[in-house]
Amino acid sequence: MSVVGFDVGNDTLVAAAARQRGIDVLLNAESKRESPAAVAFSHNARLIGCHAASASSAHAPFSSVKRLLLGATGRNPDSSLLRDLPRLPFSVSHASGGGAVVHVDHIGRRIALSPTHLLSMLLAYLKQLAEADLGGAPVADCVISVPCYFTQAQRRAYLDAAAVAGLRPLRLMHDLAAAALGYGLYRSDLGGAGGPTCVAFVDVGQCDTQVAVVSFDMSGMKVLSHGFDADLGGRDFDEVLFEHFAEEFRDRYRIDVVRNVKASMRLRAACEKAKKVLSANAEAVVNIECLMEEKDVRGVIRREDFEKLCARLLERVVEPCKRAVEDSGIGLERLHSVELVGSGSRVPAITKVLAGFFRREPSRTLNASECVARGCALQCAMLSPTFRVREYEVQDAIPASIGFNTSDGPVSTLSSDALFRRGLHFPSVKIITLEKNDSFSFDAYYVDANELPPGTSTDIGSFQIGPFQAHTEASKVKVKIRLNLHGLVSVESAVLINDYQRNGSSTDHMEVDSSGDDMGHKSRSERSIQRQELPITEYIYGAMSKHELLEAQEQEQQLAYQDKLVEWTKDRKNALESYVYDTRNKLSERYRSFATDSEREQISVNLQQTEDWLYEEGDDETEAVYSSKLEELKKVK
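Quick note, in the numbering used here, the sequence shown goes up one by one and the last residue is 1965.
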């Protein structure tokens, strides 16, 4: 049974596996611990991960899948998708049902791919990495990380993508809950007589910033609060440099980089490197040959100038920290430490701003790039029956309140209209009783739009209870609502309760005392309660239907088969090429005494013709053609 954790970031992918000796981060084909979160298509091949990142400019990779998923928030497209479109080096259009779709040319066909399908390709790639590392053993069970601000639609998109990839997630785990698990499980100095130890975790990722305040003791961890800015990450600091140099080069070299996709990609890559250089140096140089119109460009920026350009972004870093601390119900003085993680956290100015807010220097105890994947693998081991892990309770909290509506109005609790309030630990179950005499609709929604990323739809889904017909006026429907480990809400069951009560007298029902004397006719009250399970039909906004899921799985199988066919073709071509070189060497050495001069000459001619064919018209042939050529050569031998 597989025990793996996957961290699918906007820019990179990390996979980790649990072993008897601990948690290991898995290496890709280039022996690297991180893989680019990118997918590219050529005329007959699909490239994922490191192969996609090195694809030619003619086949620009599809990246920023996490940002594309932000458009899959139900019936209304997310405004964040519109903001991201100018940055993407590929064409994106709006899907008819909301969200986004990309179009690719593959094997002579025009294919439309949703962000969910692109995500499934990345998950399938991680699945292959894990299976290769585990000696070919099939991988299905896993834990996948998600940002805390992901809505129900985006979480379901992850589960749909996992199903398309052949995975069975045991849990969708918040990024910082996973990081906190890896932090707390191995430490014995947390909690104790002084009470729980509270730690703030700050994750400055490539496209977002998340903050969580977590309470630790020896028995487990409890997430007290979440804070986030879904539109603030390391790439925004890169974009500041990009805009600065684009303007500088426009004035100095008379070129408009922004209007050229290839030039923009190269400049953004150079700006990302410059940002990393500024993390350890006072200045950085951007030097690009033939950036545009055959012009070489050069620019210099100092760290202090960079920090001035980023002043507004640095102010925004503090906002989710304030919200998380306020919602946690504890003061800054109660915090034991501040842990800083994420690929974008290495900017010195960010560390300085956080130190000023928290009144202490942030620590870097955790591996900034790997801690989330490691935590997911740990959680998978805890949920798996094949591993024994010490008892350690993991309580996460929902970042946005969820409510339910009926035709009579909100289903409210004593304190608010939210059935699952923000900060509630999950999984959680609520049972409510409604007076209903006929089928009704149950609509789930986010109570406060301010608790969500800007522009996000508050609709979650609708649950139709029934049809049914109550037999008494006192009939009630008891509804069981679950918020599961994935952070998904669902109506688990609905039971109709008919309460029958009849008054009357009857000689057939006679009360008798202990002496056995006949008490005669006596009036009595008769009560009967009947329970009936009711059908539930759910309509989840943004989720794939069964038909759509089957279509996506079929399309993925076809693409996967084409990938294998390309690999088999390469193997046959390499085998043919190797046979030509190997036979030529043997012909002049080991086989020389077994053939006449004319035979050697004829074989050499055949080998040379095959080699010439390989590098000319046979450069791009099918597997069958290469196999046929190889068999022909072997017959000659």
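Heads up, the beta-carbon is just placed ideally off N, CA and C, and yes, glycines get one too.
query	result
Cα separation between V1589 and I1583?	13 Å
In its own chain, which residues sit with a C-beta less than 8 Å from the C-beta of A1923, not counting the 5 before and 5 after it?	L1915, I1931
Quick check: Q1538 and F1565, are their CB atoms within less than 8 Å of each other?	no
Among all the DSSP beta bridges, which residues are the ones paired with L1500?	I1472
In angstroms, rounded to a whole number, what distance separates the CA positions of T1950 and E1866?	47 Å
Rounded to whole angstroms, what is the Cα-Cα separation between G1627 and L1606?	14 Å
Relative to the C-alpha of H1289, which residue among L1762, C1535, G1523, G1548 is closest?	Any property of residue 1289 remains undetermined from this structure, which presents the chain solely from 1329 to 1965.
What residue range is occupied by the uninterrupted beta strand (DSSP E) comprising Q1723?	1721 to 1725
Can you check which of these residues, F1715, S1856, F1577, A1608, is closest to E1617 by C-alpha distance?	F1577
For V1551, which of F1770, G1562, V1953, V1527 has the nearest alpha-carbon?	V1527
Nearest by alpha-carbon distance to D1579: which of E1459, D1559, R1596, V1625 is it?	V1625
Looking only at C-alpha atoms, which of S1370, N1372, A1428, S1671 sits nearest to V1393?	A1428
According to the neighbour-count rule (16 or more other Cβ atoms, all chains shown, within 10 Å of its Cβ), is R1692 buried or exposed?	exposed
For N1902, count neighbouring Cβ atoms within 10 angstroms of its own Cβ and tell me buried if that reaches 16, exposed if not.	exposed
Report the partner residues of Y1919 according to the DSSP bridge assignment.	Bridge partners of Y1919: none, in fact.
By the DSSP assignment, the alpha helix (DSSP H) with M1710 in it spans what residues?	1699 to 1711
Can you pull the DSSP bridge partners for G1627?	V1614
I'd like the list of long-range same chain contacts for A1366, defined as Cβ closer than 6 Å, with 5 residues on each side in sequence excluded.	A1380, A1381, P1389, S1391
Measure the alpha-carbon distance for G1494 versus V1420 and round it to whole angstroms.	26 Å
V1530: which of V1700, Q1707, V1568 sits nearest, CA to CA?	V1700
By the DSSP assignment, the alpha helix (DSSP H) with S1448 in it spans what residues?	1443 to 1461
Can you name, in chain order, every residue of its own chain whose Cβ lies under 7 Å from the Cβ of E1763, other than the five neighbours on each side?	K1804
What are the boundary residues of the beta strand (DSSP E) that L1552 is part of?	1548 to 1557
Taking the CB atoms as reference points, tell me whether I1726 and G1672 lie closer together than 8 Å.	no
Using a Cβ-Cβ cut-off of 6 Å (strictly less than) and excluding sequence neighbours within five positions of V2006, which residues of its own chain qualify?	Within the shown structure, residues of the chain are numbered from 1329 to 1965, placing residue 2006 beyond reach of any answer.
Tell me the DSSP secondary structure of H1379 in three-state form.	helix
For the beta strand (DSSP E) containing P1795, name the first residue and the last one.	1787 to 1797
What is the residue span of the beta strand (DSSP E) that L1668 lies within?	1663 to 1669
Which residues does DSSP pair with D1766 in a beta bridge?	Q1797
Can you tell me whether L1878 is buried or exposed? The criterion is at least 16 other CB atoms within 10 Å of its CB, across all chains shown.	exposed
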